[in-house]
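Numbering (the UniProt record's numbering), first residue to last: 1 to 224.
Shown next, in structure tokens, is the structure this report addresses.
Following this line, the structure appears as structure tokens:
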């Protein structure tokens, strides 16, 4: 049966408008994005099938173009639309974070770092450069690959901090495994960078590890 023949309260779009997006399932949210189904399947039926095929909504959202487009009902146009939606979300989070001091909006920082780093298949090491009032100046990915004390160079971090005229910074890197527990190398690297930055009068405020769930704050654990 077509969705337009469903009771009004069961249609995803109408449910969203009446009750808000939080009440919708992953498949219902995806169905609104898809707009139409395929022969013999409504948009909701197709969405349920896709979530099942990918294993989760997150896996679908993070799929590359080749993996995305090999599934029923998905093609380059839908992939482009999805990437635009995801990028708008990331830019929204960036603007939200930049309005206030990073220390006054810790959840905004966490949300932004999740959006930027959680989906990356390889480790990336990034910096949020902050001014004297801890407002965001810039976000930069500085290193890629395995992040440890040997592959992240304090000199490069200091160079970029001085170039951005930063008074403070927040480090972050992702764990593709999804586990946010810092390794001994993570903690050693953080100590080395903190000591190096002190020589140029730049404060290291935190080091977030991004994985599944909420990013781990090393400052909150007393490791900075």
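Glycine included, each C-beta is placed from N, C-alpha and C at the ideal position.
Boundaries of the beta strand (DSSP E) in which residue i is found, first to last residue
i: residue 140; result: 136-144
i: residue 206; result: 203-210
i: residue 173; result: 168-174
Cβ shell of residue i (< 8 Å), same chain only, five flanking positions each side left out
i: residue 118; result: 174, 210, 211, 212
i: residue 98; result: 135, 136
Close beta carbons around residue i, own chain, < 6 Å, minus the five adjacent residues each side
i: residue 207; result: 171, 190, 218
i: residue 57; result: 26, 51
Sequence-distant residues of its chain with Cβ nearer than 7 Å to residue i (five each side left out)
i: residue 54; result: 60, 63
i: residue 132; result: 167
i: residue 156; result: 142
i: residue 68; result: 74, 79
For residue j and residue i, believed in contact at Cβ under 8 Å, the rounded distance
i: residue 38; j: residue 73; result: 5 Å
i: residue 30; j: residue 47; result: 4 Å
i: residue 112; j: residue 161; result: Contact doesn't hold; Cβ gap of about 19 Å is too wide.
i: residue 245; j: residue 158; result: In this structure the chain extends from 1 to 224, so residue 245 is not present and cannot be described.
i: residue 115; j: residue 96; result: Incorrect: roughly 11 Å between the Cβ atoms, too far for contact.
i: residue 120; j: residue 182; result: Not confirmed; about 18 Å, so no contact.
Residue from the options with nearest C-alpha to residue i
i: residue 83; options: 65, 97, 177, 214; result: 65
i: residue 166; options: 152, 200, 182; result: 200
i: residue 81; options: 224, 35, 122, 203; result: 35
i: residue 204; options: 14, 215, 223; result: 223
i: residue 216; options: 202, 194, 180, 198; result: 180
Residue i: first and last residue of the uninterrupted alpha helix (DSSP H) it sits in
i: residue 128; result: Careful: residue 128 lies outside any alpha helix (DSSP H), inside the beta strand (DSSP E) at 124-130.
**Prompt:** Looking at C-beta atoms only, is the number of pairs between the segment 129-148 and the segment 162-175 that lie closer than 8 Å three or more?
**Reply:** yes
**Prompt:** Taking one C-beta from the segment 177-193 and one from the segment 82-94 each time, how about it: are there three or more such pairs within less than 8 Å?
**Reply:** no
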